[in-house]
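Worksheet for the structure shown next.
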Amino acid sequence: MAETFRLEIVTPEKVFFEGEAESLTVETPAGRIGILAHHAPLVIGLCPGLMRFRTADGEKEAVNTDGFAEVRKDKTVVLCQTMEWPEEIEINRVKHRIAEEERKLREARSIVEYKMGKACLARAFARLKGAKR
């Protein structure tokens with residue numbers, strides 16, 4: 001059995017996951033990063049995407065929005081605005097949201113509106129990708 005580390009995944013509403021993990025893979029602005037036990041200390045921003053982690057029960061996947069991860073020698077804490085299991089995502093609602101965000105992006109009247117629209121669209125596409133697995 002591989003060495004484990006304590007993994008906590010937290011949103012403003014709840015503790016999404018808390019337990020021992022063998023590995024964690026997340027999306028960052030620099031690309032995907034993998035974390036194992038005894039990883040070097042690190043604080044990193046997270047991009048919307050599919051988070052994977054392996055526990056004694058097997059591989060788990062969840063969709064995350066923007067957030068941060070703090071990696072310590074024996075513990076990793078992930079803080080995200082939202083986390084969802086793929087089976088919780090309603091694909092039709094996500095597709096509707098994508099269409100709405102694309103419309104808003106076309107009609108953006110400022111750089112701020114445009115950047116906010118791009119961020120919302122990235123979150124929606126991450127949810128759609130996670131739901132289709």
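Just so it is clear: in the sequence shown, position 5 is 5 by the UniProt record's numbering, and no numbers are missing. We put the beta carbon where it would ideally sit given N, CA and C, even for glycine.
I need the DSSP call for residue i, collapsed to helix, strand or coil.
i           : result
residue 158 : This structure leaves residue 158 out entirely; the chain is present only between 1 and 133.
residue 75  : strand
residue 47  : coil
residue 88  : helix
residue 97  : helix
residue 52  : strand
residue 6   : strand
residue 127 : helix
residue 107 : coil
residue 113 : helix
By Cβ distance below 7 Å, which residues in the same chain neighbour residue i in space, the five residues on each side in sequence not counted?
i           : result
residue 101 : 117, 120, 121 and 124
residue 13  : none
residue 42  : 71
residue 85  : 62
residue 108 : 114 and 117
residue 89  : 63, 127, 130 and 131
Apart from the five residues just before and just after residue i, which ones in its own chain have a Cβ nearer than 6 Å to its Cβ?
i           : result
residue 128 : 94
residue 44  : 28 and 69
residue 78  : 9 and 69
residue 110 : none
residue 91  : 131
residue 115 : none
For residue i versus residue j, is the C-beta spacing smaller than 7 Å?
i           : j          : result
residue 57  : residue 5  : no
residue 21  : residue 55 : yes
residue 51  : residue 40 : no
residue 143 : residue 23 : An answer regarding residue 143 cannot be provided, because it is not within the stretch 1 to 133 covered by the chain.
Would you grab the beta carbon distance between residue i and residue j for me? Rounded to a whole angstrom, and I think it's under 8 Å.
i           : j          : result
residue 26  : residue 46 : 5 Å
residue 214 : residue 76 : What the structure shows of the chain is the stretch from 1 to 133, and residue 214 is not part of that stretch, so it cannot be assessed.
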